[in-house]
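There are 2 protein chains.
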Amino acid sequence: MIEHKNFIKLYETERKKIDKILSSALKKRKPASLYEPGLYILGSKGKRLRPLLVLLSAKAVGGNFNNAYNAAAAVEMLHNFTLVHDDIMDHADIRRGRLTLHKKYDNSTAILTGDSLLSVAYEYLLKDCDGNAKEVVSSFTKGLIEVCEGQSMDTEFELRKNVPLNEYILMIRKKTAAMAEMCCKVGALLGRGNNLLIKSLGSYGLNLGIAFQIQDDLLDIIAEEREFGKTIGGDLVEGKKTFPFLVALEKSGGEDKKKLLKVIERKGIRLNQVSGYKQLYQKLGVFDEAKKEIMFYSRKALDSLKPFNSSDSKIFRWLADSLIHRTK
Amino acid sequence: MIEHKNFIKLYETERKKIDKILSSALKKRKPASLYEPGLYILGSKGKRLRPLLVLLSAKAVGGNFNNAYNAAAAVEMLHNFTLVHDDIMDHADIRRGRLTLHKKYDNSTAILTGDSLLSVAYEYLLKDCDGNAKEVVSSFTKGLIEVCEGQSMDTEFELRKNVPLNEYILMIRKKTAAMAEMCCKVGALLGRGNNLLIKSLGSYGLNLGIAFQIQDDLLDIIAEEREFGKTIGGDLVEGKKTFPFLVALEKSGGEDKKKLLKVIERKGIRLNQVSGYKQLYQKLGVFDEAKKEIMFYSRKALDSLKPFNSSDSKIFRWLADSLIHRTK
Chain A
318 MIEHKNFIKL YETERKKIDK ILSSALKKRK PASLYEPGLY ILGSKGKRLR
368 PLLVLLSAKA VGGNFNNAYN AAAAVEMLHN FTLVHDDIMD HADIRRGRLT
418 LHKKYDNSTA ILTGDSLLSV AYEYLLKDCD GNAKEVVSSF TKGLIEVCEG
468 QSMDTEFELR KNVPLNEYIL MIRKKTAAMA EMCCKVGALL GRGNNLLIKS
518 LGSYGLNLGI AFQIQDDLLD IIAEEREFGK TIGGDLVEGK KTFPFLVALE
568 KSGGEDKKKL LKVIERKGIR LNQVSGYKQL YQKLGVFDEA KKEIMFYSRK
618 ALDSLKPFNS SDSKIFRWLA DSLIHRTK
Chain B
318 MIEHKNFIKL YETERKKIDK ILSSALKKRK PASLYEPGLY ILGSKGKRLR
368 PLLVLLSAKA VGGNFNNAYN AAAAVEMLHN FTLVHDDIMD HADIRRGRLT
418 LHKKYDNSTA ILTGDSLLSV AYEYLLKDCD GNAKEVVSSF TKGLIEVCEG
468 QSMDTEFELR KNVPLNEYIL MIRKKTAAMA EMCCKVGALL GRGNNLLIKS
518 LGSYGLNLGI AFQIQDDLLD IIAEEREFGK TIGGDLVEGK KTFPFLVALE
568 KSGGEDKKKL LKVIERKGIR LNQVSGYKQL YQKLGVFDEA KKEIMFYSRK
618 ALDSLKPFNS SDSKIFRWLA DSLIHRTK
């Protein structure tokens with residue numbers, strides 16, 4: 318319990334430091350037409366989970382946070398670059414309670430701001446590189462390539478009638494988990510860890526990322542509205558092929574399957590239909606299946622920590638536990 | 318004359334090699350929804366000038382072309398990333414005689430394809446790095462940041478009533494010339510040149526880039542339609558604030574100035590008004606002024622070559638000369 322409080326405190330302290338680096342990163346740059354929108358995006362309150370993974374990984378392998386603050390800011394910039402461009406593609410109006418960038422400004426500004434966030438991300442990443450820049454930048458770039466591939470697969474899935482679960486897992490592995498893997502690897506590289514430790518932390522990040530995304534999909538339908546802060550069943554309303562939906566489709570037959578296929582045909586359902594679909598999910602055992610899968614990947618994440626002694630890996634165990642038991 | 322033929326032959330040979338690397342770079346990647354559009358763009362017939370600068374620079378400092386083929390492909394990918402995103406922002410339908418990417422596919426595909434071209438560009442750049450990755454990637458990233466800044470300034474200029482010439486030069490320095498500077502620097506770094514040679518080639522690229530862009534602006538109005546392949550006066554028709562236009566605005570008064578300001582107010586002119594504006598430019602001495610400026614920057618580019626012996630710098634002189642005397 319004391320440990321839990323200490324970890325929360327550490328997280329808050331480091332989050333503030335990251336926020337400070339992010340807000341100063343673009344402040345003195347010109348032209349304002351490019352960097353003010355960038356500041357707007359970096360100023361929104363994110364969890365800053367990815368930077369935390371970078372810092373913790375640098376420390377876990379024997380380095381310290383100071384080896385990796387700029388890289389930590391860089392992965393958050395990279396993350397925001399993906400959010401800005403994804404929001405244009407998804408026609409999203411609201412993100413983290415504020416107008417998305419292309420809604421506040423316009424598409425052109427959002428495209429270019431995204432590009433510039435990515436460019437400054439590389440600049441910041443390089444600040445922390447010394448001697449092993451090739452490995453660090455390679456790892457970062459691999460993460461970026463996979464995010465693009467994952468986003469493309471996600472878009473492609475929208476047009477398809479059905480998506481096998483293994484393809485869905487591959488998509489979230491690329492779109493979400495590869496970035497968490499990269500954060501851990503970059504941190505471990507900057508902390509000058511050996512190959513075994515770098516690989517182990519990468520595996521932790523990757524599997525945690527997959528568990529995190531399935532949990533995200535699950536929360537969309539089982540969370541408590543009061544805590545969640547978003548509409549329950551939003552993914553069904555938008556007709557998204559999430560993990561629970563694809564499990565339901567696989568497990569169903571007859572009338573149930575027809576009902577599920579309607580979500581795809583009609584590109585979503587009405588809000589008042591959500592509870593009916595939730596009951597169907599329950600009947601088909603979708604929630605248990607999703608929870609089993611989350612446990613499977615989080616177990617794999619924790620198993621990856623074996624090369625670390627228990628005091629070094631404790632915070633990673635706490636983080637995995639917090640993410641899996643979150644309610645929003 | 319024999320030399321001219323040899324240089325042309327070298328250029329053709331290297332261009333083919335670059336084209337081959339580019340077409341194989343995306344071929345085996347998945348998903349096809351992401352990389353087929355990328356191949357479409359890389360398959361269009363560009364001049365491949367930027368890759369040539371990379372290769373020539375690697376050789377000029379004592380290295381050879383083999384040190385830099387992947388980096389040469391990388392700068393072309395970076396260039397194409399900017400074209401794809403710029404074409405969305407500019408609502409351009411045609412590029413190099415083919416449909417632009419967002420016209421052939423859609424905006425989302427074009428945004429994501431641009432992003433992935435940039436990501437693969439970094440991957441290719443890293444292939445040629447060995448030991449000095451930090452310097453090479455920094456230089457590449459600085460070029461990328463400046464391209465974004467230049468594009469933002471260019472967009473900003475569209476909304477302004479007037480733009481002083483020095484601001485215009487700063488814009489093209491960032492939007493066009495910084496990339497040529499970067500190509501020379503990256504090549505020189507990969508060829509393991511000393512600091513003086515790297516800096517000198519960077520200065521050559523930068524000044525050549527500025528001269529090239531002013532020449533581009535000038536050709537739009539003085540080229541022969543038959544050779545040019547594009548509509549003469551297209552920039553005036555679109556109401557663009559080019560170098561000749563801004564010089565005209567500065568040199569004019571009274572009725573002439575009013576006529577020029579109409580181009581801005583009405584966001585362009587009709588095609589049949591082009592010859593009237595061309596006469597006005599002639600009267601105001603715009604063409605002489607632009608030619609003077611082109612000569613000024615190309616002279617600076619050539620002066621930067623002083624640290625090289627004449628046989629090493631010959632091809633750079635030839636290249637500058639070819640670009641300045643081009644007709645399209």
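Taken in sequence, the protein lines are chains A and B.
Under the numbering used here, residue 645 is the last one in the first sequence; the count climbs by one each step, no gaps.
Under the numbering used here, residue 645 is the last one in the second sequence; the count climbs by one each step, no gaps.
Ideal Cβ placement from N, Cα and C applies to all residues, glycine included.
| query | Between L588(A) and the rest of its own chain, which residues show a CB-CB distance below 8 Å, the 5 nearest in sequence each way excluded? | reply | Here residue 588(A) refers to the residue found at position 271 when the first sequence is read from its first residue. Counting only Cβ-Cβ distances below 8 Å, and skipping sequence neighbours, we find T548, G550 and V554.
| To the nearest angstrom, how far is it from the Cα of F613(B) to the Cα of K478(B)? | Residue mapping note: residue 613(B) aligns to position 296 of the second sequence, counting from 1. Residue mapping note: residue 478(B) aligns to position 161 of the second sequence, counting from 1. The straight-line gap from Cα to Cα measures roughly 27 Å.
| Collapsed DSSP secondary structure at I527(B) in the structure displayed | Position 210 of the second sequence holds residue 527(B). I527(B): helix per DSSP, three-state reduction.
| said: So, at 7 Å on beta carbons, what are the nonlocal neighbours of N384(B) in its own chain, with the 5 sequence-adjacent residues on each side left out? | reply: What you label residue 384(B) is simply residue 67 of the second sequence in a count that begins at 1. Cβ within range, chain order: A375, D445, L507 and G508.
| Which stretch, first to last residue, makes up the alpha helix (DSSP H) that contains Y422(A)? | On the first sequence, position 105 is the one that residue 422(A) refers to. That residue, Y422(A), is in no alpha helix (DSSP H); it is neither H nor E in DSSP.
| query | Does the beta-carbon distance from G355(B) to S433(B) come in below 8 Å? | reply | Within the second sequence, the letter at position 38 stands for residue 355(B). Within the second sequence, the letter at position 116 stands for residue 433(B). Yes, the Cβ-Cβ distance between G355(B) and S433(B) is below 8 Å.
| said: Please report whether the beta-carbon of Y422(B) lies at a distance below 8 Å from any beta-carbon of chain A. | reply: Counting from 1 along the second sequence, the entry for residue 422(B) is found at position 105. No, no contact with chain A.
| request: Check whether the stretch 458–470 of chain A touches the stretch 383–401 of chain A, taking contact to mean three or more Cβ pairs, one atom from each stretch, closer than 8 Å. | output: yes
| Can you tell me whether DSSP reads L343(B) as helix, strand or coil? | Locating residue 343(B) in the second sequence gives position 26, where the first residue counts as 1. It is coil, neither helix nor strand.
| task | Could you pull the start and end residues of the alpha helix (DSSP H) that D404(B) belongs to? | result | Taking the first residue of the second sequence as position 1, residue 404(B) is located at position 87. It spans Y386 to M406 - the alpha helix (DSSP H) in which D404(B) sits, taken as one unbroken run.
| query | Do we get a CB-CB distance below 8 Å when we pair V437(A) with the residues of chain B? | reply | In the first sequence, counting from the first residue as 1, residue 437(A) sits at position 120. Yes, its Cβ sits closer than 8 Å to a Cβ of chain B.
| said: Is the separation between the beta-carbon of I531(B) and that of R490(B) shorter than 8 Å? | reply: As a working mapping, residue 531(B) is identified with position 214 in the second sequence. As a working mapping, residue 490(B) is identified with position 173 in the second sequence. No; because the gap between Cβ atoms is not below 8 Å, this pair is not in contact.
| task | Please compile the residues from chain A whose C-beta is within a distance smaller than 8 Å of the C-beta of L443(B). | result | Position 126 of the second sequence, counted from the start, is the residue given in the question as residue 443(B). Per Cβ cutoff of 8 Å: K451, V454, S455 and T458.
| request: Could you have a look at L622(A) and say whether DSSP puts it in helix, strand or coil? | output: One-based indexing of the first sequence puts residue 622(A) at position 305. Correct three-state label for L622(A): coil.
| CB L563(A) to CB V480(A), shorter than 8 Å? | As a first step, residue 563(A) is located in the first sequence; it is residue number 246 there, counting from the start. As a first step, residue 480(A) is located in the first sequence; it is residue number 163 there, counting from the start. It is a contact, given that the beta carbons lie within the stated cut-off.
| field | Where H402(B) meets chain A, residues with beta-carbon distance less than 8 Å | value | For the purposes of this step, residue 402(B) is taken as residue 85 along the second sequence, with counting starting at 1. Result: I428, L429 and D432.
| request: Can you give me the Cβ contacts of L369(B) inside the same chain, cut-off strictly under 7 Å, excluding the 5 residues immediately before and after it? | output: Reading the second sequence from its first residue, position 52 is the one you call residue 369(B). Result list for L369(B): Y328 and E331, in chain order.
| request: Using three-state DSSP, classify R634(B) as helix, strand or coil. | output: One-based indexing of the second sequence puts residue 634(B) at position 317. R634(B): helix per DSSP, three-state reduction.
| What do you reckon, are the CB atoms on P624(B) and S520(B) nearer than 8 Å? | Start at 1 with the first residue of the second sequence, and residue 624(B) comes out as number 307. Start at 1 with the first residue of the second sequence, and residue 520(B) comes out as number 203. Their beta carbons are not under 8 Å apart, which means P624(B) does not touch S520(B) by this criterion.
| message | Just list the residues that DSSP pairs L416(A) with in beta bridges. | response | The sequence position of residue 416(A) within the first sequence is 99, counting from 1. Answer by DSSP bridge pairing, in chain order: I411(A).
| task | Could you have a look at G570(A) and say whether DSSP puts it in helix, strand or coil? | result | Within the first sequence, the letter at position 253 stands for residue 570(A). Coil at G570(A), not helix or strand.
| request: Compare the C-beta of L461(B) with all C-beta atoms of chain A and state if any pair is closer than 8 Å. | output: Taking the first residue of the second sequence as position 1, residue 461(B) is located at position 144. Judged by the 8 Å Cβ criterion, L461(B) is in contact with chain A.
| query | Apart from the five residues just before and just after L601(A), which ones in its own chain have a Cβ nearer than 8 Å to its Cβ? | reply | If you number the first sequence from 1, residue 601(A) lands on position 284. The residues are V564, A565, K568, S569 and D573.
| Does any C-beta atom of chain B lie closer than 8 Å to the C-beta of L640(A)? | What you label residue 640(A) is simply residue 323 of the first sequence in a count that begins at 1. Output row for L640(A): interface = no.
| If you measure from the beta carbon of L535(B) to each beta carbon in chain A, is any gap under 8 Å? | Residue numbering aside, residue 535(B) sits at position 218 when the second sequence is read from its first letter. Chain A, which has no Cβ nearer than 8 Å to the Cβ of L535(B), makes this no.
| request: Go through its chain and collect everything with a Cβ distance to A409(A)'s Cβ below 7 Å, but skip five positions before and after it. | output: Looking up residue 409(A) in the first sequence gives position 92. Correct list, in chain order: T417.
| request: Check D605(A) in the structure and name its three-state DSSP category. | output: In the first sequence, the residue the question calls residue 605(A) occupies position 288. Looking at D605(A) - three-state DSSP - the assignment turns out to be helix.
| Below-8 Å beta-carbon distance, P481(A) vs any chain B residue | Taking the first sequence and counting its residues from 1, one reaches residue 481(A) at position 164. Output row for P481(A): interface = no.
| Using a beta-carbon distance below 8 Å, is L351(B) in contact with chain A? | Working through the second sequence from its first residue, we reach residue 351(B) at position 34. So, interface residue.
| request: Check the Cβ-Cβ distances between K472(B) and every residue of chain A, and say whether any is below 8 Å. | output: Start at 1 with the first residue of the second sequence, and residue 472(B) comes out as number 155. The sequence shown places Thr at residue 472(B), not Lys. Yes - at least one Cβ of chain A is within 8 Å of the one on T472(B).
| query | C500(B) CB to nearest chain A CB: under 8 Å? | reply | By 1-based counting over the second sequence, the position of residue 500(B) is 183. Not an interface residue.
| request: Measure the Cβ-Cβ separation of Y441(B) and A390(B) and say whether it is below 8 Å. | output: As a first step, residue 441(B) is located in the second sequence; it is residue number 124 there, counting from the start. As a first step, residue 390(B) is located in the second sequence; it is residue number 73 there, counting from the start. Yes, they are a contact pair.
| task | Check each residue of the stretch 347–378 of chain A: if its Cβ is closer than 8 Å to any Cβ of chain B, include it; give the result in chain order. | result | K347, P348, S350 and L351
| said: On a Cα-Cα basis, can you pick out the residue from L523(B), D407(B) and L351(B) that is closest to R367(B)? | reply: As a working note, residue 367(B) is residue 50 in the second sequence. That would be L523(B), whose Cα lies nearest to the Cα of R367(B).
| query | For the candidate residues K492(B), F474(B), V378(B) and D403(B), whose alpha-carbon lies nearest to that of K584(B)? | reply | Here residue 584(B) refers to the residue found at position 267 of the second sequence. Selected option, being the one with the closest Cα: F474(B).
| said: Contact defined as beta carbons within less than 8 Å: I believe A607(B) pairs with F560(B). What is the distance between those atoms, to the nearest angstrom? | reply: Residue numbering aside, residue 607(B) sits at position 290 when the second sequence is read from its first letter. Residue numbering aside, residue 560(B) sits at position 243 when the second sequence is read from its first letter. Indeed, because the Cβ distance is near 6 Å, the residues count as touching under 8 Å.
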